[in-house]
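Residue numbers (this note's numbering): 65 to 378.
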């Protein structure tokens with residue numbers, strides 16, 4: 065068991081799994097746009113978007129629980145008890161329901177480019193909150209520098225593409241969405257102290273997804289399956305989200321929040337790359353290369369701090 069824990073905290077393992085998660089989440093950018101077309105969801109139809117997102121996360125939770133049933137030795141441990149309901153519901157509220165409710169409303173009023181840049185708020189928010197709630201994850205100059213360098217990389221990638229101006233309902237809600245995701249990382253760390261990643265991720269996704277479906281339905285949204293392709297795209301988004309959230313929850317369970325959350329900066333980078341590939345655009349540009357270099361440098365700085373502290377403790 066000790067060897068397994070050591071592997072889960074190994075810098076190369078953490079890097080590989082975190083990059084895989086962000087790589088998967090990056091595919092959501094073009095996949096969601098494709099889903100809107102296949103389900104005939106208009107760009108201003110927020111209720112239907114909420115149902116679409118809710119269906120995706122609800123199914124993702126079911127997929128994670130099925131994986132848990134296959135991999136966990138004690139199958140009964142996956143069933144939520146009375147002590148599990150409140151903390152897991154709180155996790156689902158921040159990491160799924162509020163994060164995506166605010167995001168889907170906010171991005172209606174701003175450009176995709178701006179949304180990509182504002183995503184970096186989640187990273188900085190996670191690191192600040194982690195320093196407040198976990199004494200072992202202190203905020204130092206190197207972490208601040210790492211965040212600054214990484215966020216600069218996101219800005220460089222999107223420089224000149226509609227970043228001016230600020231609207232409360234657009235920029236404000238997207239920022240709040242990312243802060244909700246940051247809060248979700250902190251709650252996840254707490255919730256998984258005595259629970260498996262499959263149990264925490266599976267039930268929080270199911271709860272958060274179900275709440276989004278309910279709200280979207282109350283507001284008059286609908287989801288009509290018009291083709292086999294629409295079913296497949298939804299299943300892909302669900303499977304991708306389920307696997308990524310379960311792995312991410314596992315990383316948060318075994319590592320400092322600051323170490324893991326820095327990799328969030330790769331999501332808009334991979335999102336831009338995947339979108340470019342699917343749309344046939346040229347992604348091999350000097351700007352994208354500089355952006356990736358800056359983001360990776362920021363991640364390295366933050367993880368270097370964590371490694372040095374870990375070495376001292378040993």
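The C-beta atom is built at its ideal place from N, Cα and C for all residues, glycine as well.
Residue span of the alpha helix (DSSP H) that contains residue i, given as start and end
i	result
residue 198	Taken as a continuous stretch (DSSP letters only), residue 198 belongs to no alpha helix (DSSP H), as it is neither H nor E.
residue 100	92-102
residue 277	261-282
residue 243	237-255
Inter-residue Cα distance where the pair is residue i and residue j
i	j	result
residue 101	residue 71	42 Å
residue 203	residue 249	16 Å
residue 307	residue 91	13 Å
residue 76	residue 320	15 Å
residue 292	residue 195	47 Å
residue 340	residue 334	10 Å
residue 104	residue 355	34 Å
residue 220	residue 234	21 Å
residue 237	residue 142	34 Å
residue 173	residue 232	10 Å
residue 251	residue 151	8 Å
residue 338	residue 353	15 Å
residue 257	residue 275	25 Å
residue 95	residue 297	7 Å
Three-state class that DSSP yields for residue i in the structure shown
i	result
residue 70	helix
residue 286	coil
residue 300	helix
residue 184	helix
residue 231	coil
residue 294	helix
residue 219	helix
residue 86	helix
residue 108	coil
Length at least 4, wholly inside the region 302-347: the alpha helix (DSSP H) runs in chain order:
321-325 and 330-343
Minimum length 4: unbroken alpha helix (DSSP H) runs contained in the region 122-167:
146-156
Okay, do the region 133-149 and the region 182-191 touch, 3+ Cβ pairs below 8 Å being the bar?
no
Report yes or no: do the region 108-123 and the region 294-307 share at least 3 C-beta pairs separated by less than 8 Å?
yes
Any contact of the region 315-329 with the region 197-211, i.e. 3+ C-beta pairs under 8 Å?
yes
Could you tell me whether the region 78-90 touches the region 272-286, using the rule of 3 or more Cβ pairs below 8 Å?
no
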